[in-house]
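Protein sequence lines, in the order shown, are assigned to chains P and B.
full-length UniProt numbering applies: residue 1 is where the first sequence begins, and numbers increase by one.
full-length UniProt numbering applies: residue 1 is where the second sequence begins, and numbers increase by one.
For glycine and all other residues, C-beta sits at the position ideal for the given N, C-alpha and C.
Here is the structure we will look at, set down as structure tokens.
There are 2 protein chains.
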Amino acid sequence: MRGPANAEEASATTPRRGSIRLGLLGCGTVGGGVLELCAANARWLEGRVGAPLEVRRVLVRDPRKERVAACDPSWITTRPEDVVDDPEIDIVVEVMGGEEAALELVERAIAAGKGVVTANKLLLAKHGPRLVDLAIARGTDLAFEGAVGGGIPIIRTLREAFASDWVERLAGIVNGTCNYVLGRMREGGLGLDEAVREAQAKGYAEADPSLDTGGHDAAHKLCVLAMLAFGARVPASALHVEGIEGIEERDHRYAERFGYVIKHLAIGRDFGDAIELRVHPTLIPKTSVLANVSGVLNAILLEGRALGPCMLYGRGAGDLPTAVSVVSDILDVGRSIVAGASGLLTRGIAMEPRPLKPQEDVETRYYLRLSAPERPGLMARIAGGLGELGVSLEQMVQPERPTAPGDPVDIVVITHVAREGNVTAALERMRTEGLFAAPPRLYRIEVS
Amino acid sequence: MRGPANAEEASATTPRRGSIRLGLLGCGTVGGGVLELCAANARWLEGRVGAPLEVRRVLVRDPRKERVAACDPSWITTRPEDVVDDPEIDIVVEVMGGEEAALELVERAIAAGKGVVTANKLLLAKHGPRLVDLAIARGTDLAFEGAVGGGIPIIRTLREAFASDWVERLAGIVNGTCNYVLGRMREGGLGLDEAVREAQAKGYAEADPSLDTGGHDAAHKLCVLAMLAFGARVPASALHVEGIEGIEERDHRYAERFGYVIKHLAIGRDFGDAIELRVHPTLIPKTSVLANVSGVLNAILLEGRALGPCMLYGRGAGDLPTAVSVVSDILDVGRSIVAGASGLLTRGIAMEPRPLKPQEDVETRYYLRLSAPERPGLMARIAGGLGELGVSLEQMVQPERPTAPGDPVDIVVITHVAREGNVTAALERMRTEGLFAAPPRLYRIEVS
Chain P
1 MRGPANAEEA SATTPRRGSI RLGLLGCGTV GGGVLELCAA NARWLEGRVG
51 APLEVRRVLV RDPRKERVAA CDPSWITTRP EDVVDDPEID IVVEVMGGEE
101 AALELVERAI AAGKGVVTAN KLLLAKHGPR LVDLAIARGT DLAFEGAVGG
151 GIPIIRTLRE AFASDWVERL AGIVNGTCNY VLGRMREGGL GLDEAVREAQ
201 AKGYAEADPS LDTGGHDAAH KLCVLAMLAF GARVPASALH VEGIEGIEER
251 DHRYAERFGY VIKHLAIGRD FGDAIELRVH PTLIPKTSVL ANVSGVLNAI
301 LLEGRALGPC MLYGRGAGDL PTAVSVVSDI LDVGRSIVAG ASGLLTRGIA
351 MEPRPLKPQE DVETRYYLRL SAPERPGLMA RIAGGLGELG VSLEQMVQPE
401 RPTAPGDPVD IVVITHVARE GNVTAALERM RTEGLFAAPP RLYRIEVS
Chain B
1 MRGPANAEEA SATTPRRGSI RLGLLGCGTV GGGVLELCAA NARWLEGRVG
51 APLEVRRVLV RDPRKERVAA CDPSWITTRP EDVVDDPEID IVVEVMGGEE
101 AALELVERAI AAGKGVVTAN KLLLAKHGPR LVDLAIARGT DLAFEGAVGG
151 GIPIIRTLRE AFASDWVERL AGIVNGTCNY VLGRMREGGL GLDEAVREAQ
201 AKGYAEADPS LDTGGHDAAH KLCVLAMLAF GARVPASALH VEGIEGIEER
251 DHRYAERFGY VIKHLAIGRD FGDAIELRVH PTLIPKTSVL ANVSGVLNAI
301 LLEGRALGPC MLYGRGAGDL PTAVSVVSDI LDVGRSIVAG ASGLLTRGIA
351 MEPRPLKPQE DVETRYYLRL SAPERPGLMA RIAGGLGELG VSLEQMVQPE
401 RPTAPGDPVD IVVITHVARE GNVTAALERM RTEGLFAAPP RLYRIEVS
């Protein structure tokens, strides 16, 4: 697809070696896309790497299945050892997905000193720090641009562009399913279940959507991002994670009234002595750049101490974007091998134990939706209950009239910055006093 | 600023060399920032490069001037040859700005086989292709992330993330002054001159703002982007360039009425057989991501054939963001040198002669603001005049009543996609027939 590259000049000036030999684990839509991109851009990639890329082996489960034209039948094998144990293979490209089998093969490839490129998010989220450690110890490279954010070059931006900066904050729309569902609720007036069913019908949500709508997929991605942005070695299970299941259509209407939209965000902050990592529905101003990221698109906002804000936006998933990211990693790892400098990319990921701030110590602003039977002095009672714990209010409204006198009404509160533990304690105290007709809802507000 | 890096492990596994020795040309705010970032992140950068970075020389004009604490007085020199002719210097960092002197020193550094990092936009826009050719021929690297888009990692994204993709289109808000002025006109209801004066007062516009408001700065940046995105060797003088000077406050009101905002965009398209490069005020939908890039921020939207849309957003200018970009380039170039693979980064910029589509052959949608004395049949006459040349209309409105009967009124036309030559020919024909009370205004519409 690219125009003619300077392959001849390349060969003339870089240390000569035969070729960079690739072994693929898997040949589904991403793997097939990788083979096609490598074939279509062969001369261009050769110029960039300093040696031709040569596919040696492609591991598949079913050798009789039809493959893309770029897949030479002679490469096909069903034996993993033909890829990970072949000393002639320089880079193992893991595009098989899943956890156990992929983990074992990636570990074997690293142990054999091969460069590894993977697009496996689950693998990275669960075993990323350990695999990075293994690669650093073995002096080889582990690259995974395709595993997070699909075609968004977030990994190399964190690794390269922020090399001399300090990421103070990140906030990302990293789950396309949640973003689609919230968008349809807000713009189409759909209920949550209806929006999820629509996402399923369009192929944007799984039959069991809970990994997405429960926030766990976003938490996995936040762990990988935190590894690069904050050098943090944090398991997904340690994060505060909320999904979008509790959001109701009226929350969108109320948020709109205050100039906000509700987005499902993965948020990280670095305070130096501790970091904050949390995944939850968040109110952000309608005019912020993240507010206008629509449909299944993803976006990640980074705040560097020196760079200031930097946002990357694009397709967070999809076979072709992921294949492009995998090829960009093959190029990086291949270039390191040609240069005799394997391991240099991965060594940049310097991880340390980073204490995680407890969620009750988080300080931000809050949107509270409280349901209580209407009576004189109700608003004063709520304001007083929050004030007792030092939570001060920016706004407090009763957006709708009750159906009949004494019926429960919604009271919506927007707080100033407060410690989360104080907000939840105040709500709990009022709840035990029988003030509420339904459990209070709390969503956080991010201002920038 | 970064936490402890794995500098010791780095030294153990990479080919051992003394250090990567830097010479700076200039020590203003960007240069000072580079020295400070290098000092503050020394161990971290050493781990990433595979060797320590060591500053040898800093060229300044006035040796008595106070410098940042990170600048050792013993480095200071006023003789350029101490930097570019010293065989012990590996990388020359050009942060002096200007054109002639910088060009001569960068050429000498490249000729001496040194890696060159520059943040000089003017130099790149005017001499980029030739300097890239020189670097490729000499087998050394020329890196310039800091020269375009300040802290936005657009150069490395085009070079690395899109390595196996094809950029079909780019659209960028690349001039902060124009973006600020248009934003204040739209949101603050200011006139153009008033908004420019405000920008000057805030330090966002030069005393002579015409390089920015005339679109020439954006055209320079588009040339550099086109070199990487389309492999195009195109002088800025060949581009179709319009500034924001003709925009009136009512254009913002009319655009708003149709659901658009007006942004000053640099636009590039690749049609395979030809490319399109143009800089002009553009109407884009209010809900598009570029529409919400406010103030002096910049954003560049890339559309890859495989990757789909990818947007990068951040501070397009500023000393600190630029310094971070310069250091990220020093890291890349230094790593290549340590690996014995100098020239590999730059060789990826494969330029070819690319024919530029004449502006009259551009096909897009148009916003036309026409002023004509009100009379029966006026709208029919305009619709007919456009229709005669095959330009079909989507909407046509007279947004305001005339002050007195027979006074000129504004007629605003939104066309369907049309060939620009036909639109301008139709307008010219109506103009010569004396239909208009003032020269017609034409602005282009981009839908995505």
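Take the alpha-carbon of residue 264 of chain B and the one of residue 178 of chain B: they are about 6 Å apart.
Minimum Cα-Cα distance from residue 139 of chain P among the listed residues P:416, P:340 and P:407 corresponds to P:340. Sequence-distant Cβ neighbours of residue 127 of chain B in its own chain, meaning closer than 7 Å and more than five residues away, are 103.
Taking 9 Å as the cut-off between beta carbons, none of the residues of the stretch 433-447 of chain B comes near chain P.
Bounds of any alpha helix (DSSP H) do not take in residue 277 of chain P; it lies within the beta strand (DSSP E) bounded by 275-285. Looking at the DSSP output, residue 411 of chain P bridges to P:370. When CB distances to chain B are screened at a threshold of 8 Å, the residues of the stretch 321-335 of chain P falling below it are 321, 323, 324, 325, 327, 328, 331, 332 and 335, in chain order. The beta carbon of residue 72 of chain B sits closer than 8 Å to those of 55, all from its chain and outside the five residues before and after it, given in chain order.
When the beta-carbon positions are compared, residue 415 of chain P and residue 409 of chain P stay at least 8 Å from each other. As summarised for the stretch 105-187 of chain B, the continuous alpha helix (DSSP H) elements at least 4 residues long and confined to that stretch are 121-138, given in chain order. At a beta-carbon threshold of 8 Å, the residues of chain B lying near residue 152 of chain P are 310, ordered along the chain.
Counting only unbroken stretches of 3 or more residues, the beta strand (DSSP E) elements lying wholly within the stretch 255-331 of chain B are 260-270, 275-285, 297-304 and 308-315, in sequence order. Shown here, residue 442 of chain B sits in a strand according to DSSP, grouped into three states. The continuous alpha helix (DSSP H) containing residue 33 of chain B extends over residues 29-40. Looking at the backbone, the Cα of residue 24 of chain P and that of residue 83 of chain P are separated by about 7 Å.
A direct Cα-to-Cα measurement between residue 169 of chain B and residue 125 of chain B gives close to 20 Å. Following the DSSP letters along the chain, one finds residue 382 of chain B inside the alpha helix (DSSP H) bounded by residues 378-387.
Going by DSSP, residue 394 of chain P is part of the beta strand (DSSP E) stretching over 393-397. Rounded to the nearest whole angstrom, the CA to CA distance from residue 259 of chain B to residue 208 of chain B is 33 Å. A residue is called buried when at least 16 other Cβ atoms come within 10 angstroms of its Cβ; residue 65 of chain P does not meet this threshold and is exposed. When rounded, the separation of the alpha-carbon atoms in residue 174 of chain P and residue 221 of chain P is 7 Å. Going by DSSP, residue 222 of chain P is part of the alpha helix (DSSP H) stretching over 216-229. Distance from the CA of residue 30 of chain P to the CA of residue 212 of chain P, rounded to the nearest whole angstrom, comes to 21 Å. Residue 337 of chain P carries a helical assignment under DSSP once its states are collapsed to helix, strand and coil.
When Cβ-Cβ separations below 8 Å define contact, residue 341 of chain P makes contact with chain B. Cβ neighbours of residue 45 of chain P within its own chain (closer than 7 Å, five residues either side excluded): 38, 53 and 331. Interface residue (Cβ-Cβ distance to chain B less than 8 Å): residue 268 of chain P is not classified as such.
Residues of chain P whose Cβ lies closer than 9 Å to the Cβ of residue 242 of chain B do not exist; the shortest such Cβ separation is about 26 Å. According to DSSP, residue 418 of chain B shares a beta bridge with B:364. Residue-level contact check: residue 19 of chain P does not touch chain B, since none of the beta carbons of chain B fall below 8 Å from its beta carbon. Assignment of beta-bridge partners to residue 59 of chain B by DSSP yields B:25 and B:77. Within the same chain, 122, 123 and 126 come within 7 Å of residue 99 of chain B by CB-CB distance, once the 5 residues on both sides are set aside. Comparing alpha carbon positions, the residue from B:271, B:296, B:325 and B:420 closest to residue 202 of chain B is B:296. For residue 30 of chain P, there are no C-beta contacts with chain B under 9 Å, since the nearest C-beta of that chain is about 12 Å from it.
Put simply, the backbone Cα of residue 378 of chain B is about 39 Å away from that of residue 237 of chain B. For residue 168 of chain P, the nearest beta carbon of chain B is not closer than 8 Å to its own beta carbon.
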